[in-house]
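Chains as they are written, first to last, in the working numbering: chain A, 1 to 673; chain B, 674 to 971. Backbone N, C-alpha and C fix where the C-beta goes; we use that ideal spot for every residue, glycine too. All of these numbers come straight from a predicted model, not from anything done at the bench.
Next comes the structure, spelled out in structure tokens:
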């Protein structure tokens, strides 16, 4: 029995089920016989109430018995499975070897060190069982847990660190499951790893090793080199419009070595040629950013790479691949209340989006009366200038546009009423319009200004550079006061604190509203130089959301567009891949049946460049359980049973906690009637 | 008579000591609402006393004067001439008493009947007794003679509970036999259909009788003060029923309250005087309280 209960002595408490029965027998109603004058006053209700009372009493007794049983079982803490697996094979010792083959292990001795450690760990006396798991971002059973060590030794020869990330927690969990299926008095897990701290991030503390399973750590960590450079982060454009504007490509470098490095060369390669080069200073242990400004002037895919040209750099960890997908033109649908006349908001918007040659926008202008759902489907961005009410089919098409990643820009003016706007667009609008406010000074000049701009918003990215836009010159005479904007992000505010530009994520797309339209009757924005780039950036940012992710990491499944499949692997590191999750670092081409292609860039996970390490004691303290004094392997303290049993323990405790008030309520109710 | 178990002289004494008794002696204590139309119709000899100046000559008994050569005045006692019918329910349900060794409802009712008869006789009213259950067991017509009281008390002495309650049938039969209007005093637990009882009482009212209903109930019947599982047996039908009093109490009290209200309201509707007697209340207190209230009404 001790194999099934942590505290079997508490099962004596089962005798307590007799207590409620005895109490019931002792205190049950003695039937007294009384000759009464008449039964006419209770002959109808008596039978019903008596039957109800007897049922209630039986239920109460059952509840009390159940409470006693549950209390005894809860304190006894049952195992639902016999420890060590009652039906599994039995060995004198069982050991699972967990070998780390993530990219970071390249710096920790590589394949030779791994094989040596595996051979060492697999050396067990006869009658023992040993198995081998290899893990990076995924866990693979290389050799099953069995009495023959030869498969393990054979597999050890082929263990080679790859380019994947690290998921130590998943590997240990799988090893623990394998050990649970066998019976043994000694169970242990040997971890051969560099114990990269980021590899244990997936552990949430929701499970522990089987009681009695011992964790042994074979730490493979090379001594710090004099210089060791790698990339730890990157921010690169993935989808952008063809606008001949410089874009930032930012990477972060780290020097894990002991020596300071001067003039570390970094190069930005674009379409297989170096386009920009710079050097950075890297003190020992420091992490510094490097930024390139590049104009992506070639429409379509641009295979790009940032590479650290340094002899001390980790070959795999010093390159970052990305694909800047430049859209040749963005289809924009401008819907105005009436055909654009001179001087109105629609005029300024259409003119700004299509000022002449070289514009990235393909503008199609429609009025509220003439716009059709097909126009919306064909567009990436829809701009509603002073329009509130549209045909329901058009509104539905706009909603679908947002859900698939497009953009809608509202520019409400005098032609919009708050009621009509909310009635039509409440499902997607960033806010509700309350009233149009007028801001005028006593002298009659417009005095509202933009007081706060969220510089972290990608819309304002182009304005972060010096002399690239001055919002303070814009004066707002009128603007909308709004409500119900909690779900939206405020990109800019007026000087009185009211929102000026709101953005709301709807599905995959962005819905933006300017609360003062570009109309000279409302503001002087269309007459300021900031207007055109602000409108272009707003439309552009809304449009690029429709594009697919073009850069990912090893082991992370990139969201492939529908209809596309992997055509070839053009990487210089990984030549073949069966599924997107197996893709190695480099560029991979996805094609669809129509011959269209997308280039997908895959990189080594940045976590592999992380130099932080777990201490073996930390890992053991997090996962191991103490062994019970009787040697049964069961733990003595709370949470001592395995995960399944612990769940059962919680269920028992919860049932007990529910039954007690139920019994109290029923007993009280029965006594009162 | 002093040994009769139904005559409680303590009760009588307490009632006699009350002020209201003086009034009832003259007019009949049960006649508080109306006076007898036959007052002075007959007189009964009481005693002789010597003549004194001022006495009327016509009251001198000349026969005595002839024998004794002295003047004696013949004195008479006035009497009211109301025939009082005491109707006693002696059904099996009246045999219920919640206190062991204590009064049953029939004991209580019989003592009440004895007291009433005694007073009626004492004030020169004719008292009669009818004992019934599902049929009329005994019928003693109202008589003015003292011997009638003895008969009544003897009958009460031997009355035992039995038989089912069929008040309405019996009352109708009694009503049909009454030729002269008088006072009807019904002493019962009324455990029958209230509508039929009221119909029978209406029969009496129709004949010009004055009707008083003394409703006798045991405290246990009113309060239902049982607390353990009990098997109740109907005294009249013998039917047994297992009841959980805890769960039944509320329902029972609602039912009995409704029954009592129906009786009282029904009696008021036919202008019959209704009084509920709880056998837990001492008879003298309950009776004197009622008489006092009735005298004030007169």
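Cβ-based neighbour list, residue i, same chain, cut-off 8 Å, excluding 5 preceding and 5 following
i: residue 955 (chain B); result: none
i: residue 653 (chain A); result: 74
i: residue 379 (chain A); result: 331, 332, 333, 364, 401, 406
i: residue 371 (chain A); result: 333, 335, 390, 391, 394
i: residue 115 (chain A); result: 156, 157, 159
i: residue 274 (chain A); result: 267, 268
i: residue 429 (chain A); result: 410, 421, 422, 504, 511, 513
Option nearest residue i by Cα separation, candidates the options
i: residue 215 (chain A); options: A:236, A:193, A:155; result: A:193
i: residue 836 (chain B); options: B:845, B:779, B:801; result: B:779
i: residue 720 (chain B); options: B:738, B:726, B:868, B:748; result: B:748
i: residue 539 (chain A); options: A:160, A:408, A:355; result: A:408
i: residue 676 (chain A); options: A:350, A:339, A:21; result: For residue 676 (chain A) there is no data in the structure shown, the boundaries of chain A being 1 and 673.
i: residue 477 (chain A); options: A:463, A:494, A:322; result: A:494
i: residue 410 (chain A); options: A:169, A:504, A:124, A:229; result: A:504
i: residue 265 (chain A); options: A:290, A:273, A:256, A:259; result: A:290
i: residue 823 (chain B); options: B:782, B:926, B:791; result: B:791
i: residue 190 (chain A); options: A:536, A:93, A:497; result: A:93
i: residue 199 (chain A); options: A:105, A:257, A:583, A:456; result: A:105
i: residue 657 (chain A); options: A:308, A:66, A:17; result: A:66
i: residue 327 (chain A); options: A:344, A:188, A:302, A:398; result: A:302
i: residue 814 (chain B); options: B:845, B:776, B:759; result: B:759
i: residue 248 (chain A); options: A:159, A:255, A:237, A:299; result: A:237
i: residue 195 (chain A); options: A:136, A:205, A:551; result: A:136
i: residue 259 (chain A); options: A:282, A:9, A:277; result: A:282
i: residue 431 (chain A); options: A:438, A:286, A:422; result: A:422
6 Å Cβ shell around residue i - same chain, five flanking residues per side excluded
i: residue 132 (chain A); result: 97, 142, 143, 152, 155
i: residue 737 (chain B); result: 745
i: residue 463 (chain A); result: 469
i: residue 877 (chain B); result: 848, 857, 884
Residue i and residue j closer than 8 Å at C-beta
i: residue 70 (chain A); j: residue 659 (chain A); result: yes
i: residue 789 (chain B); j: residue 858 (chain B); result: yes
i: residue 624 (chain A); j: residue 145 (chain A); result: no
i: residue 940 (chain B); j: residue 855 (chain B); result: no
i: residue 268 (chain A); j: residue 306 (chain A); result: yes
i: residue 454 (chain A); j: residue 491 (chain A); result: yes
i: residue 499 (chain A); j: residue 515 (chain A); result: yes
i: residue 436 (chain A); j: residue 480 (chain A); result: yes
i: residue 803 (chain B); j: residue 847 (chain B); result: yes
i: residue 771 (chain B); j: residue 908 (chain B); result: no
Test: residue i CB closer than 8 Å to a CB of chain B
i: residue 39 (chain A); result: yes
i: residue 33 (chain A); result: yes
i: residue 30 (chain A); result: yes
i: residue 10 (chain A); result: no
i: residue 86 (chain A); result: Residue placement at residue 86 (chain A) is poorly supported in this model, since its pLDDT is 46, which falls under 50; the coordinates still yield a value, given next. Not closer than 8 Å to any Cβ of chain B, the Cβ of residue 86 (chain A) fails to qualify, so no.
i: residue 53 (chain A); result: yes
i: residue 75 (chain A); result: no
Residue i: CB within 7 Å of a non-hydrogen atom of the ligand NAP
i: residue 240 (chain A); result: Among the components of this structure there are no ligands whatsoever, and the ligand NAP is therefore not found.
Contact with chain A by residue i, beta-carbon distance below 8 Å
i: residue 924 (chain B); result: yes
i: residue 915 (chain B); result: yes
i: residue 905 (chain B); result: yes
i: residue 869 (chain B); result: no
i: residue 862 (chain B); result: yes
i: residue 785 (chain B); result: no
i: residue 908 (chain B); result: yes
i: residue 696 (chain B); result: Because the pLDDT of residue 696 (chain B) is 31, which lies under 50, any placement of that residue in the model is unreliable, and the number read from its coordinates should be weighed accordingly. With 8 Å as the cut-off, residue 696 (chain B) does not count as an interface residue toward chain A.
i: residue 805 (chain B); result: no
i: residue 766 (chain B); result: yes
i: residue 902 (chain B); result: yes
i: residue 920 (chain B); result: yes
i: residue 929 (chain B); result: yes
Q. Can you list the beta strand (DSSP E) stretches of 3 or more residues lying completely in the stretch 425-509 of chain A, in chain order?
A. Counting only runs of 3 or more, we get 432-438, 450-453, 478-483, 489-494, 499-506.
Q | Whole runs of the beta strand (DSSP E) within the stretch 164-210 of chain A, excluding any shorter than 3 residues | A | The stretch 164-210 of chain A contains these whole beta strand (DSSP E) runs: 187-193.
Q: Just list the alpha helix (DSSP H) runs in the stretch 308-384 of chain A, keeping only unbroken ones of 4 residues or longer that don't cross its boundaries, in chain order.
A: List check, alpha helix (DSSP H) in window: 345-353, 373-378.
Q: Run through the stretch 735-768 of chain B for me and flag every whole alpha helix (DSSP H) of 4 or more residues, listed as ranges in chain order.
A: Under the rule that a run must span 4 or more residues, the alpha helix (DSSP H) segments found entirely inside the stretch 735-768 of chain B read 735-741.
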